[in-house]
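Colleague:
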Amino acid sequence: MSKNNSTFILNNEQQEGNKYKELFRVTEKFHATMETTSILTEVIETLHKVFPQYDYHLLMSNDSEATAQLPIKELKYHSENTAAISAYVNGTVEINDINGAQLLYAPLNGRQAVYGVLQVQADHSFPLTEGEIDFIKLVANTAGGALENAKLYQQSRKLIEDLKFINETSYELNSRATVKETLEYVYDQILNSFSASAIGFVFKVDNEPDILKESSSYFFEQSATPFIQQIFHKVNETKEALFIGNIHQSMAGTICPYATAMVVPMIEGEAMKGIVIALGDKPYCFTFDTYKLFQLFIQRSTLAVTNSILREELQRMVITDQLTQLYARNYLDEAIKRSMKIDQEGTFILVDLDDFKAVNDTYGHQIGDEVLIQVAESIRKHLRSTDIGARWGGEELAIYLPGVSLEDGIAVARRLREYVPKETSPKVTISCGISSWKYEQEDEVKNLFNRADTALYEAKRGGKNQIAIKQL
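In numbering that gives the first Met the number 0, the protein residues as written are 0 to 471.
1. Please say whether VAL119 and GLY143 have beta carbons closer to each other than 8 Å?
2. Does DSSP put LEU151 in a helix, in a strand, or in coil?
3. Considering only their Cβ atoms, is the gap separating VAL370 from THR423 smaller than 8 Å?
4. Look up GLU220 in the DSSP assignment and say whether it is helix, strand or coil.
5. Quick one: what's GLY271 bridged to in DSSP?
6. Is the distance from the Cβ of VAL42 to the Cβ of LEU151 below 8 Å?
7. Would TYR283 and THR253 be called neighbours here (beta carbons separated by less than 8 Å)?
8. My output table needs one value for LYS72: the three-state DSSP class, helix, strand or coil.
9. Identify, in the order they occur along the chain, each residue of the same chain with its Cβ nearer than 6 Å to the Cβ of LEU102, setting aside the five sequence neighbours on each side.
10. Tell me whether LYS163 is buried or exposed, calling it buried when 16 or more other Cβ atoms sit within 10 Å of its Cβ.
11. Looking at LEU313: is its Cβ nearer than 8 Å to the Cβ of THR346?
12. DSSP three-state call for ILE466: helix, strand or coil?
13. Beta-carbon within less than 7 Å of SER214's beta-carbon, same chain only, minus the 5 sequence neighbours each way: which residues are those?
14. Per DSSP, which one or two residues make a beta bridge with LYS203?
15. Where DSSP assigns a beta bridge to ASN108, which residues make up the other side?
16. Please report the Cβ distance between ILE265 and ILE276, rounded to the nearest whole angstrom; I am assuming they are in contact, meaning their Cβ atoms lie under 8 Å.
17. Of the residues VAL138, ALA86, GLU93, VAL262, which one's Cα is nearest the Cα of THR45?
18. So, is LYS336 buried or exposed, given that buried needs 16 or more other C-beta atoms within 10 angstroms?
19. Of the choices GLU171, ALA389, ASN245, GLU394, whose alpha-carbon is the least far from that of SER300?
20. Using 8 Å as the cut-off, can you tell me whether the segment 428-440 makes contact with the segment 345-364, which would need three or more C-beta pairs spanning the two stretches below that distance?
21. Apart from the five residues on each side of it in sequence, which residues of its chain come closer than 6 Å, Cβ to Cβ, to PHE355?
22. Would ILE398 and ILE466 qualify as a contact pair, given that the criterion is a beta-carbon distance under 8 Å?
23. List the endpoints of the continuous alpha helix (DSSP H) containing TYR257.
24. Buried or exposed, going by whether 16 or more other CB atoms sit within 10 Å of the CB of LEU57?
25. What does a CB cutoff of less than 8 Å around LYS459 pick up in its chain, not counting 5 residues either side in sequence?
26. Give the secondary structure of ALA86 by DSSP, where H, G and I count as helix, E and B as strand, and everything else as coil.
27. Between which two residues does the alpha helix (DSSP H) holding ASN504 run?
28. In three-state DSSP terms, what is LYS435?
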């Protein structure tokens, strides 16, 4: 064997040895990291080092991590590049000749999936050898396994983070006492944890959407109504969550300033109570993992909202008279006690329906109850939101006006005396006993009540349909 041949063989063996040293080195690097970007960087750097004469690109799906330092192209499933798609779908090496260049597509194969495609471009005059193809395939497969491990690790961490998020938010949700507090907390979590641009809480009332005030301002705009109606009725029909990656493509003709929507029904038992809508500015700005977590979060939130509604309803029943729907006597007592601690003055009005026994005797107790309800409604209509109307007992009702002077309280009583006969059928009149208190005077709730009761007695004795006042 000539000296030149011996040198050639020796150089080839040395090159082969160096290649597999690089393969061993890069394999160790793969095993030492769980970062996708680090793995892809090692692939490109290793191949450039071993075969510097070729050009390399990574074809990755659009949900893969990308960095500007890597030669990454988006793998488009509807592309004319059938060789690249075939490599990705079938997990096989594909070779194609285009415009005087040889293109090799090596899939990044894992055990469970293909995680991308390595594209190698060689000049047609110096095509890839069989040995080079085998080496590139080996690097690609090793990288695919490493990518799979990294993905599984990242998924495990994400799952742990998601479970932690659900546990923490469940605890916080259960600590919220009112529906308002619960919805405000849900709103903040969707805004911060899911990066939503607009959030809508839509309850179902008589099979139609009812926007809650805790929603973003967009949902109260007139232009939003067609979008909300369409989304609401679609989810109401299917009772299933909805993901819209591109609103303008999927809902042609819909005017909406946002591009992506996640919609999850609030299900209690088998009934849909409403929907929660999270909107994003850009198409597909929410990932599928985000969508799944959002569904789980809304499921937990629905239970908390339902519990808050039941708790508020129970509290309302405790403090409300069931016939008139005015406040109960015990609530009135506590409200006046609080007012005497924080306000400067207040006025109490005791109201009695004149000749109410005659109404019951003439028309029956059912009509009598209806008249009592009508008077209660009249009282509600003529009071401020801060005033308190209550059932005192029998046909007697009570009104407390916190922070209101005696003169203004008398004006309220006169207005009621004028309107009650107009707003009841059969028509009834009322008599009123009024008392008031001031901060600088020593007074007690029971004394306030006693003075009003005395005044009411005087009004009734004075011919009914009267107003009487009793002060300290």
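Glycine included, every Cβ here is placed at the ideal spot set by N, Cα and C. This structure is a prediction, so every number in the text was calculated from the model and none was measured.
Modeller: So, to answer that:
1. no
2. helix
3. Contact: yes.
4. In this structure, GLU220 counts as coil in the three-state DSSP scheme.
5. Going by the sequence as given, residue 271 is Met instead of Gly. Paired residue(s): ILE266.
6. no
7. Cβ distance not < 8 Å, so TYR283 and THR253 don't count as in contact.
8. strand
9. Cβ contact annotation for LEU102 (same chain, cutoff 6 Å, sequence separation greater than five): ASN95, GLN120, in chain order.
10. exposed
11. no
12. strand
13. ILE198, GLY199, PHE200
14. PRO208
15. VAL113
16. Note on identity: in this sequence residue 265 is Met, with Ile being the wrong assignment. Not a contact, Cβ separation roughly 11 Å.
17. VAL138
18. Under this definition LYS336 is an exposed residue.
19. GLU171
20. yes
21. GLU394
22. no
23. That residue, TYR257, is in no alpha helix (DSSP H); it is neither H nor E in DSSP.
24. buried
25. ASP351, ASP353, SER430, GLN465
26. Correct three-state label for ALA86: helix.
27. With the chain covering only 0 through 471, there is no way to say anything about residue 504.
28. It is worth fixing the name first, because residue 435 is Ser in this sequence and not Lys. Reduced to three states, the DSSP call for SER435 is strand.
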